[in-house]
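Residue numbers (the working numbering): 8 to 424.
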Ligand SMILES: Nc1ncnc2c1ncn2[C@@H]1O[C@H](COP(=O)(O)OP(=O)(O)O)[C@@H](O)[C@H]1O
Ligand SMILES: [Mg+2]
């Protein structure tokens with residue numbers, strides 16, 4: 008509390024913050040305005056799709072245009088119902104969300120009503136509330152909805168609302184982070200939704216610098232940040248497919264790091280520290296999202312490191328320890344050497360371990376494994392996995408390590424390597 012003040016307005020670095028200006032998105036803003044502004048004159052806008060990688064400004068641009076359109080209307084601006092399909096994630100809940108948002112009440116229960124009943128109710132509600140106006144239904148992260156059962160049907164119905172509406176007009180805007188998602192669309196939906204398409208290209212390092220510079224002016228006290236810091240954040244994010252969200256996250260974390268250390272300005276080393284923290288978060292998320300068998304494979308590696316620090320870890324050891332661990336859990340399949348080997352490869356691809364295949368004389372070819380992440384971090388994450396913590400696997404000393412067998416074998420291996 009007593010340290011120097013770094014932030015002026017921390018929220019300006021939140022992903023949900025919409026700035027007054029969106030540099031390098033003029034063309035997209037103009038296109039979207041061109042497609043939607045006819046609603047102000049009482050015309051029916053086309054449905055359309057926006058694509059692009061995460062952090063290319065799709066959500067921000069749509070929200071920006073909707074705000075501007077509202078400012079141009081003295082009375083009765085068009086309605087915008089914004090739905091993030093990652094949050095509102097089933098067709099039923101999408102319909103319920105639209106209904107409840109328009110009516111301003113939780114009228115549709117979270118489950119239970121048949122879809123066509125909700126649809127009928129929705130049609131009546133749209134005409135009643137929106138009257139002769141237009142209602143934009145923005146389905147953000149629409150690719151997630153398509154993967155759900157009934158996703159295509161609901162999109163089909165939503166894009167055809169107008170055929171059944173008497174006075175009001177509804178229009179669907181789909182946003183997708185996945186470029187290939189159209190392959191999963193039903194052809195009928197494709198033709199009604201993809202009347203127009205907009206592609207958002209990744210930002211380059213210079214564009215990211217401009218975005219960050221403007222945002223930093225709002226977010227930070229004067230003089231706490233320099234050009235080098237901005238350039239570094241922009242450069243790091245440009246390497247990750249030009250992700251503006253990543254760039255802003257780096258800047259915020261760097262600011263917080265400097266604040267925690269009670270410094271009066273942000274330095275490039277704060278940015279590097281922020282980058283390391285973000286990587287750590289990714290690893291944690293990745294491990295928590297892995298299938299249990301993969302988590303058990305990692306547990307086996309962890310136990311090897313914990314109980315036999317100086318020993319070499321081989322894929323054979325992991326196989327045996329995995330077997331012991333799987334036996335301690337109910338409903339967990341025992342895996343073949345081949346499957347364990349696949350899991351080891353995946354862990355290596357994710358950058359959690361390194362696995363080098365070596366030839367060890369008459370022991371044959373085996374993988375030698377080293378852990379690339381701090382063992383305390385692995386322990387912290389694995390202890391959050393219910394099955395692993397409930398069976399107390401992290402404190403279990405495998406039988407394999409209770410005998411001298413491993414030690415003797417290891418001494419041989421060490422000579423061979
Ligand atoms: N051109 C831009 N100018 C200013 N901020 C931007 C710009 N593009 C994106 N942002 C910001 O970057 C973050 C990610 O953008 P977002 O629109 O959520 O990306 P997407 O929806 O494509 O994943 C948001 O905080 C947004 O405000
Ligand atoms: Mg988005």
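No residue lacks a Cβ here, since even glycine has one placed at the ideal position from N, Cα and C. Since the model is a prediction, treat every value here as computed from it, not as a measurement.
Neighbourhood of residue i by C-beta, 7 Å cutoff - its chain only, sequence neighbours within 5 removed
i, result
"residue 367", "373, 420 and 423"
"residue 82", "none"
"residue 291", "388"
"residue 28", "221"
"residue 72", "36, 39, 40 and 43"
"residue 242", "212"
"residue 323", "373"
"residue 287", "384"
8 Å contact criterion, which residue i and residue j should meet: CB distance rounded
i, j, result
"residue 148", "residue 184", "6 Å"
"residue 254", "residue 215", "5 Å"
"residue 239", "residue 275", "5 Å"
"residue 405", "residue 336", "That belief does not hold up - the Cβ atoms of residue 405 and residue 336 are roughly 14 Å apart, past 8 Å."
"residue 161", "residue 98", "4 Å"
"residue 56", "residue 200", "6 Å"
"residue 390", "residue 383", "Not really, about 11 Å apart at Cβ, beyond 8 Å."
"residue 132", "residue 109", "6 Å"
"residue 333", "residue 340", "7 Å"
"residue 152", "residue 129", "Not quite, the Cβ-Cβ distance comes to about 17 Å (not below 8 Å), so this is no contact."
"residue 352", "residue 413", "Their Cβ separation, rounded to whole angstroms, is 23 Å, which puts residue 352 and residue 413 out of contact at 8 Å."
Start and end residues, alpha helix (DSSP H) containing residue i
i, result
"residue 417", "412 to 423"
"residue 390", "Counting along the chain, residue 390 falls outside any alpha helix (DSSP H), and DSSP gives it neither H nor E."
"residue 126", "122 to 137"
"residue 269", "Run containing residue 269: none; DSSP gives neither H nor E here."
"residue 289", "275 to 296"
"residue 304", "299 to 314"
"residue 195", "194 to 200"
"residue 222", "212 to 226"
"residue 242", "234 to 246"
"residue 166", "158 to 166"
"residue 39", "33 to 43"
"residue 6", "Shown here, the chain extends from 8 to 424; a query on residue 6 therefore has no answer."
DSSP beta-bridge partners of residue i
i, result
"residue 21", "DSSP, once it has assigned bridges, lists no residue as partnering residue 21."
"residue 175", "Answer is none; residue 175 lacks a bridge partner."
"residue 113", "Paired residues: none, contrary to the question."
"residue 206", "58"
"residue 181", "56 and 146"
"residue 320", "376"
"residue 188", "In DSSP, residue 188 forms no bridge with anything."
Cutoff 6 Å; reference residue i; Cβ partners in own chain excluding five residues on either side
i, result
"residue 302", "392"
"residue 30", "217 and 218"
"residue 225", "16 and 19"
"residue 105", "88"
"residue 377", "361"
"residue 269", "10"
"residue 248", "60 and 209"
"residue 136", "109"
"residue 385", "309"
"residue 365", "375"
"residue 363", "375"
"residue 123", "none"
"residue 191", "153"
"residue 417", "318 and 319"
Span of the beta strand (DSSP E) around residue i
i, result
"residue 145", "141 to 147"
"residue 57", "55 to 58"
Sequence-distant residues of the same chain with beta carbon closer than 8 Å to residue i, five excluded per side
i, result
"residue 141", "46, 51, 52, 85, 86, 175, 176, 177 and 178"
"residue 173", "134"
"residue 379", "358, 359, 360 and 361"
"residue 80", "47"
"residue 236", "258, 261, 273, 274, 275, 277 and 278"
"residue 70", "25 and 89"
"residue 163", "193, 195, 196 and 199"
"residue 347", "304, 322, 325, 326 and 329"
"residue 49", "139"
Going along the chain, which unbroken runs of the alpha helix (DSSP H) with 4 or more residues stay wholly within the segment 328 to 381? 344 to 356
In the segment 68 to 101, which residue ranges form an unbroken beta strand (DSSP E) of at least 3 residues, counting only runs that do not cross its ends? Listed in chain order, they are 86 to 91.
Tell me which residues pass a beta-carbon proximity test against ligand 3: closer than 7 Å to any heavy atom, given in chain order. No copy of ligand 3 occurs in the structure displayed; its ligands are ligand 1 and ligand 2 alone.
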